[in-house]
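**Q**
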Amino acid sequence: MRFISTLVGPSSPLAAAARTVERSVFAETFGNDAATMETEYGPYEPASRFIVVLDRARQHPAGVIRLIDESPAGLKSLNDAPAHIGGTVASIRAHHHMTDGRRAIDVATLAVLPGYRGARSALVSTLLYRTLYRAFTRDHITHVVAMIDAPAYRNLRRIGTPFVPMLGSSPFSYLGAPETHALYGDFQTFGPSIRANAIRLRTAARPSLTDLRAPRRWLFRRAAAHIATTIITGKGLDPHIHLD
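Mind the numbering: the sequence shown is residues 3 to 246 in this note's numbering, read in order.
So this is what it looks like as structure tokens:
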């Protein structure tokens with residue numbers, strides 16, 4: 003396969019490449035320059051890991067996810083959320099039962115280069131999500147937090163990821179994104195939810211007379227069902243995923 007995915011620590015040469023992709027996408031999409039990225043993410047670098055999807059044909063990264071583990075610096079999404087949704091870090095943790103001692107992680111950034119977006123390049127995003135799913139399973143992650151812009155959140159909802167708004171909050175402007183969602187998820191519910199959604203989508207993707215008049219809708223449901231199924235099963239992807 004053309005693409006491989008790997009999970010690396012903050013000192014890996016691939017982590018440096020991941021930061022380059024991250025900065026390029028955030029500059030293009032949200033207008034965040036290098037200084038802004040350093041100010042925002044610098045304090046969390048020691049606790050950051052990166053999922054990197056590599057294009058072997060072009061020999062460069064295609065997409066990345068930054069994960070931030072618990073550390074003295076805390077989780078960035080939890081630290082930043084109160085200024086936008088009210089409450090405190092402590093109240094968010096209490097509300098979402100994050101005080102039980104089980105492992106928490108922050109899905110801090112998701113960046114895919116322009117040439118790898120859209121229906122033709124869904125494989126890159128699917129590889130990112132499958133690698134994340136495998137890593138969280140291996141690492142016994144329970145609590146997941148994130149600050150996600152509206153398009154990324156829509157994609158996660160389409161595959162059935164059961165995030166909920168932190169403290170029941172509404173979207174807000176954040177780091178140049180006009181609509182950002184502060185989210186919490188219990189990872190133990192991700193697999194059952196995505197699997198059930200894949201079944202629902204496959205059922206909805208069975209062609210009917212109505213679908214013949216609106217083929218794009220049918221094709222979309224079919225593609226979403228395939229992505230959701232692949233994220234859960236890893237079929238065709240797992241041999242191309244390498245965890246550290």
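Positions of the beta carbon are idealized from the N, C-alpha and C atoms, including for glycine.
(1) Note down the Cα distance separating residue 142 from residue 119, rounded to an integer number of angstroms.
(2) According to DSSP, is residue 74 helix, strand or coil?
(3) Tell me the residue span of the beta strand (DSSP E) that contains residue 183.
(4) Would residue 8 pass as a contact of residue 68 if the rule is Cβ separation under 7 Å?
(5) Among the candidates 157, 18 and 37, whose CA atom is the shortest distance from the CA of residue 50?
(6) When you compare each of 61, 34, 53 and 16 to residue 132 by their alpha carbons, which one comes out closest?
(7) Identify which residue in 188, 161 and 135 has its Cα closest to the Cα of residue 203.
(8) What is the rounded straight-line gap between the Cα of residue 37 and the Cα of residue 205?
(9) Measuring only the C-alpha atoms, how far is residue 72 from residue 87?
(10) Alpha carbon to alpha carbon, what distance is there between residue 183 and residue 3?
(11) Ignore the nearest five residues each way along the sequence and tell me which others in residue 157's own chain have a CB closer than 8 Å to its CB.
(12) What does residue 52 pair with, by DSSP beta-bridge criteria?
**A** Per the coordinate set shown:
(1) 30 Å
(2) coil
(3) 179-188
(4) no
(5) 18
(6) 53
(7) 161
(8) 48 Å
(9) 21 Å
(10) 34 Å
(11) 127
(12) 10 and 68
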